[in-house]
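In this text, residue positions in the sequence shown follow my numbering: the first is 4, and each later residue adds one. Down below is the structure, laid out as C-alpha cells.
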Amino acid sequence: MNKSQIFNEIKDIYLRVMPAAISGSGDLMVDYDIDLDKLFLSDTEKLFAATELLDKAKKSDDKAAVQAALVYIRVYSMRLSVFFENIKDDTDLLLKNIDWPDIPDNYQIPEHYNYPYS
Numbered sequence: 004m005n006k007s008q009i010f011n012e013i014k015d016i017y018l019r020v021m022p023a024a025i026s027g028s029g030d031l032m033v034d035y036d037i038d039l040d041k042l043f044l045s046d047t048e049k050l051f052a053a054t055e056l057l058d059k060a061k062k063s064d065d066k067a068a069v070q071a072a073l074v075y076i077r078v079y080s081m082r083l084s085v086f087f088e089n090i091k092d093d094t095d096l097l098l099k100n101i102d103w104p105d106i107p108d109n110y111q112i113p114e115h116y117n118y119p120y121s
C-alpha cells in the first residue's frame with residue numbers, strides 16, 4: 004500500500020466490506036465518492052499555511068493577522084478532526100452491524116500478516 008494513498012485504500016476496503024453492514028449509504032459519515040487522500044492533503048496544507056501565517060503575523064506584531072491565523076488554524080484543525088471522526092464512526096458501524104465471531108482472550112494477529120503493532 005502506498006502511504007500517500009492510505010485513506011483511499013481504507014475507503015476501497017470499506018466499500019468491499021460495507022454491503023454486509025449497511026442497508027443504505029444514509030448511515031455513512033464518509034463521502035465515499037470523493038478522493039479522501041486529496042481532501043486530507045488539502046486540509047493539512049491549509050493548516051500548515053495558517054501556521055506559517057501565524058508565525059509571520061506574530062513576528063510582525065500584526066494582531067489582526069494573528070487572530071485571523073488562529074481562526075484558520077481552528078477551522079482546519081476541526082475539519083481534520085471531523086475527517087477522522089467520520090472514519091471512526093463508519094468503522095464503528097462496520098463493527099456493530101456485521102455478525103463477527105468473538106475474539107478469543109489473548110488473541111494475537113498471526114505472524115504471516117506482518118502486522119508490527121499487536
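All residues carry an ideal CB built from backbone N, CA and C; glycine is no exception. A quick note: this is a predicted structure, and the numbers were derived from the prediction, not measured.
Could you give the DSSP three-state label for residue i: helix, strand or coil?
i	result
S121	coil
S63	coil
V33	coil
Y124	Nothing can be reported for residue 124: it is not among the residues displayed for the chain, which extend from 4 to 121.
I139	Within the shown structure, residues of the chain are numbered from 4 to 121, placing residue 139 beyond reach of any answer.
I112	coil
D38	coil
I90	helix
Quick check: the Cα distance between residue i and residue j, rounded to an integer number of angstroms?
i	j	result
Q8	R19	17 Å
M21	M32	13 Å
D30	K66	43 Å
A53	I112	41 Å
S63	D46	25 Å
Grab the span of the alpha helix (DSSP H) containing residue i for me, first residue to last.
i	result
E12	9 to 20
Can you tell me whether residue i is buried or exposed, with buried defined as 16 or more other CB within 10 angstroms of its CB?
i	result
Y79	buried
K41	exposed
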